[in-house]
Amino acid sequence: AFSGEAGDDPLLARRLANMGAAAVLFYDKPVEMVSGQGAWMTDRSGATYLDFYNNVPSLGHCHGAVVEAVRDQIGRLNINSRYMVEIVDRYMEALKATLPSDLSNVVLSCTGSEANDLALRLAEVWTGRRGFVVTQTAYHGNTAATTEISPSAYKKGGGSPRIRTVPAPDPAVYGEDLAGGFAKAVAEAAADLEASGHGFAGMIWDSIFSSDGVHADPQGFLKAAEGAVHAAGGLLIADEVQPGFGRTGVMWGFERHGLAPDIVTTGKPMGNGFPMAGTMTRPEILSRFVEEFGYFNTFGANPVAAAAGLAVVETLRSEGLIARCAAAGATLKAELEALAARDPRIAAVRGAGLFLGVSLGREDAPDGALVRAVLAGLGRRRVLIGAAGRYGETLKLRPPLILSDAEIDHFVQALADTLAETP
Ligand code: PMP
13 AFSGEAGDDP
23 LLARRLANMG
33 AAAVLFYDKP
43 VEMVSGQGAW
53 MTDRSGATYL
63 DFYNNVPSLG
73 HCHGAVVEAV
83 RDQIGRLNIN
93 SRYMVEIVDR
103 YMEALKATLP
113 SDLSNVVLSC
123 TGSEANDLAL
133 RLAEVWTGRR
143 GFVVTQTAYH
153 GNTAATTEIS
163 PSAYKKGGGS
173 PRIRTVPAPD
183 PAVYGEDLAG
193 GFAKAVAEAA
203 ADLEASGHGF
213 AGMIWDSIFS
223 SDGVHADPQG
233 FLKAAEGAVH
243 AAGGLLIADE
253 VQPGFGRTGV
263 MWGFERHGLA
273 PDIVTTGKPM
283 GNGFPMAGTM
293 TRPEILSRFV
303 EEFGYFNTFG
313 ANPVAAAAGL
323 AVVETLRSEG
333 LIARCAAAGA
343 TLKAELEALA
353 ARDPRIAAVR
363 GAGLFLGVSL
373 GREDAPDGAL
383 VRAVLAGLGR
393 RRVLIGAAGR
403 YGETLKLRPP
413 LILSDAEIDH
423 FVQALADTLA
433 ETP
């Protein structure tokens with residue numbers, strides 16, 4: 013990670029002067045990127061980087077369909093949702109066609125944090141209660157309320173009195189009966205919120221458990237926990253900011269588990285880089301909230317975002333990218349498993365579609381330091397990935413859905429070379 017000294021890099025000095033302590037940069041020598049195409053980015057020296065980190069440009073960087081749609085609409089009209097613009101409704105209809113039919117109301121906003129913030133408020137008004145259950149290392153956003161439901165954002169520990177955490181659904185924690193164990197933990201946390209006087213308003217999870225270290229299997233294990241949430245009178249909020257839009261080999265992460273969430277939130281890949289997010293729910297849940305609070309989002313539901321979002325949904329379909337993601341993900345996972353069979357430092361390969369986690373160290377001795385060394389080694393090979401998990405022990409892989417077999421081979425070779433040179 014970057015240490016905070018600008019050294020002889022003038023742009024880095026400017027970045028530090030401009031962003032101050034909030035500057036967060038990758039690598040000990042942060043990279044200046046100038047362009048992107050497909051799965052690749054190019055830096056100021058002309059060197060290219062394979063982007064296995066970024067699940068925002070899911071169709072690939074600067075996908076032509078999105079670029080053209082945005083260019084066309086921004087040259088035509090860009091206003092707020094107090095006026096009708098047909099493309100906004102066309103977009104919401106295209107989005108709804110991919111969702112369970114009862115989630116027929118859409119509130120568009122600009123970031124996943126806003127989408128989740130509204131989801132919390134909907135659940136609070138609907139249930140008349142304020143307590144939420146989340147997983148131990150979850151991340152759901154940066155507003156005051158979404159920070160409360162993001163234990164991973166608390167650098168000095170602590171947390172919010174109205175939040176209870178449960179360990180992520182990891183067989184290493186819950187043992188054989190993952191579904192039952194996780195559901196029991198959720199039920200106990202909900203009961204504790206009830207006993208504490210906050211009451212249980214609901215549970216929010218990201219069904220791939222991205223910050224918790226990627227926990228995807230077995231498919232369907234979350235069904236029991238969904239039952240526990242509903243039995244305790246809470247709403248289930250599916251945070252699809254990470255798993256949504258085809259990333260796990262199906263359109264929505266909750267589909268893999270056969271869930272029927274009360275609220276779905278989306279962001280990140282929704283506009284392939286154009287900022288946009290959404291909160292989808294049943295009309296009665298939204299109506300009750302609107303009886304109590306006004307809700308207006310200046311930039312939410314703007315027609316340029318709608319144009320970007322429509323291009324994403326249409327391209328997923330026209331290019332067959334969800335099936336491509338499932339196939340590419342299976343190939344990548346098999347190659348990583350083959351690598352794991354040769355290298356005992358790889359404890360597990362987990363995930364679904366093109367959202368994979370590779371844990372390093374032993375099951376009982378997670379090795380965050382090794383992950384950091386591998387991240388740096390891959391960085392030197394100009395291959396970009398991230399880390400996740402409670403101890404930062406998991407390599408987090410989220411390449412674009414258009415990934416080619418040659419790019420998979422390039423990545424696996426770079427990882428094998430990096431592991432070989434890392435003691
Ligand atoms: N939910 C999840 C699961 C996320 O990973 C993130 C962002 N990392 C958010 C919500 C917040 O999204 P945003 O940064 O767009 O506010």
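Residue 223 in UniProt numbering is what sits at position 211 of the sequence shown, and the numbering runs on without skipping anything.
No residue lacks a Cβ here, since even glycine has one placed at the ideal position from N, Cα and C.
Assign residue i to one of two classes, buried (16 or more other C-beta atoms within 10 Å of its C-beta) or exposed (fewer than that).
{"i": "K408", "result": "buried"}
{"i": "L328", "result": "buried"}
{"i": "F305", "result": "exposed"}
{"i": "E405", "result": "buried"}
{"i": "M31", "result": "exposed"}
{"i": "P273", "result": "buried"}
{"i": "P355", "result": "In the sequence as displayed, the identity of residue 355 is Asp instead of Pro. Exposed is the call here."}
{"i": "T310", "result": "exposed"}
{"i": "A29", "result": "exposed"}
{"i": "L62", "result": "buried"}
{"i": "Y103", "result": "buried"}
{"i": "A237", "result": "buried"}
{"i": "F308", "result": "exposed"}
{"i": "A323", "result": "buried"}
{"i": "L23", "result": "exposed"}
{"i": "Y151", "result": "buried"}
Residues in its own chain within less than 6 Å of residue i by CB, not counting five upstream and five downstream?
{"i": "H227", "result": "A180, P181, D182, F221"}
{"i": "V241", "result": "M215, L248"}
{"i": "T155", "result": "S125, D129"}
{"i": "Q85", "result": "P315, V316, A319"}
{"i": "V43", "result": "D55"}
Excluding five sequence neighbours on each side, which residues of the same chain lie with their C-beta closer than 8 Å to the C-beta of residue i?
{"i": "L89", "result": "V97, P315"}
{"i": "K196", "result": "A240"}
{"i": "C122", "result": "P287, M288, A289, N309, F311, G312, A317"}
{"i": "T343", "result": "D417, I420"}
{"i": "L372", "result": "R357, I358, A359, P378, D379, L382, V383, V386, E405, T406, L407"}
Of the choices the options, whose alpha-carbon is the least far from that of residue i?
{"i": "D129", "options": "V253, I91, L344", "result": "V253"}
{"i": "L115", "options": "V46, L71, S208, L248", "result": "L248"}
{"i": "I275", "options": "G283, D55, I297", "result": "I297"}
{"i": "G239", "options": "S219, A34, V198", "result": "V198"}
{"i": "P112", "options": "V424, G211, L271, G279", "result": "L271"}
{"i": "M263", "options": "A338, D229, P163, A51", "result": "A338"}
{"i": "V370", "options": "L390, A399, D376", "result": "A399"}
{"i": "G312", "options": "V100, K196, V36, V178", "result": "V100"}
{"i": "G261", "options": "K345, K235, Q49, A213", "result": "K345"}
{"i": "P412", "options": "A18, S162, A250, G50", "result": "G50"}
{"i": "residue 9", "options": "L23, E17, F64", "result": "Beyond the ends of the chain as shown, which are 13 and 435, falls residue 9; an answer cannot be given."}
{"i": "H422", "options": "A318, G401, E347, E136", "result": "E347"}
{"i": "A359", "options": "T310, P378, V46", "result": "P378"}
{"i": "A320", "options": "A289, A350, P22, F308", "result": "A289"}
{"i": "A77", "options": "R176, R56, N284, R374", "result": "N284"}
{"i": "L368", "options": "D224, T434, R300, A135", "result": "D224"}
{"i": "W217", "options": "V118, G256, D204, S15", "result": "G256"}
{"i": "R300", "options": "A131, G380, S70", "result": "A131"}
{"i": "A203", "options": "L234, Y151, V79, R141", "result": "R141"}
{"i": "I397", "options": "D376, L190, T430", "result": "T430"}
Taking only the alpha-carbon atoms, compute the straight-line gap between residue i and residue j and give it to the nearest angstrom.
{"i": "E331", "j": "S416", "result": "13 Å"}
{"i": "T139", "j": "P295", "result": "15 Å"}
{"i": "Y39", "j": "A385", "result": "11 Å"}
{"i": "R27", "j": "R410", "result": "27 Å"}
{"i": "K108", "j": "T278", "result": "12 Å"}
{"i": "G58", "j": "N66", "result": "20 Å"}
{"i": "T159", "j": "R133", "result": "14 Å"}
{"i": "S164", "j": "A353", "result": "31 Å"}
{"i": "L382", "j": "S93", "result": "49 Å"}
{"i": "A250", "j": "G19", "result": "44 Å"}
{"i": "A418", "j": "V325", "result": "26 Å"}
{"i": "M53", "j": "R362", "result": "26 Å"}
{"i": "V302", "j": "A127", "result": "15 Å"}
{"i": "G72", "j": "A201", "result": "40 Å"}
{"i": "G258", "j": "P281", "result": "10 Å"}
{"i": "E136", "j": "F286", "result": "30 Å"}
What are the residues that DSSP puts in a beta bridge with residue i?
{"i": "M215", "result": "V145, L248"}
{"i": "N284", "result": "F286"}
{"i": "W52", "result": "Q49, L62"}
{"i": "R176", "result": "V145"}
{"i": "P378", "result": "G373"}
{"i": "N117", "result": "T293"}
{"i": "K408", "result": "G369, G398"}
{"i": "G391", "result": "Answer is none; G391 lacks a bridge partner."}
{"i": "H73", "result": "G50"}
Within its chain, find whatever has a CB closer than 7 Å to the CB of residue i; leave out the 5 residues flanking it on each side and keep chain order.
{"i": "G193", "result": "Y186, G187"}
{"i": "E206", "result": "F212"}
Does the beta-carbon of residue i, which I'm using as the reference point, lie nearer than 8 Å to any heavy atom of the ligand ADP?
{"i": "T277", "result": "Absent from the structure shown: the ligand ADP. Ligands present: the ligand PMP."}
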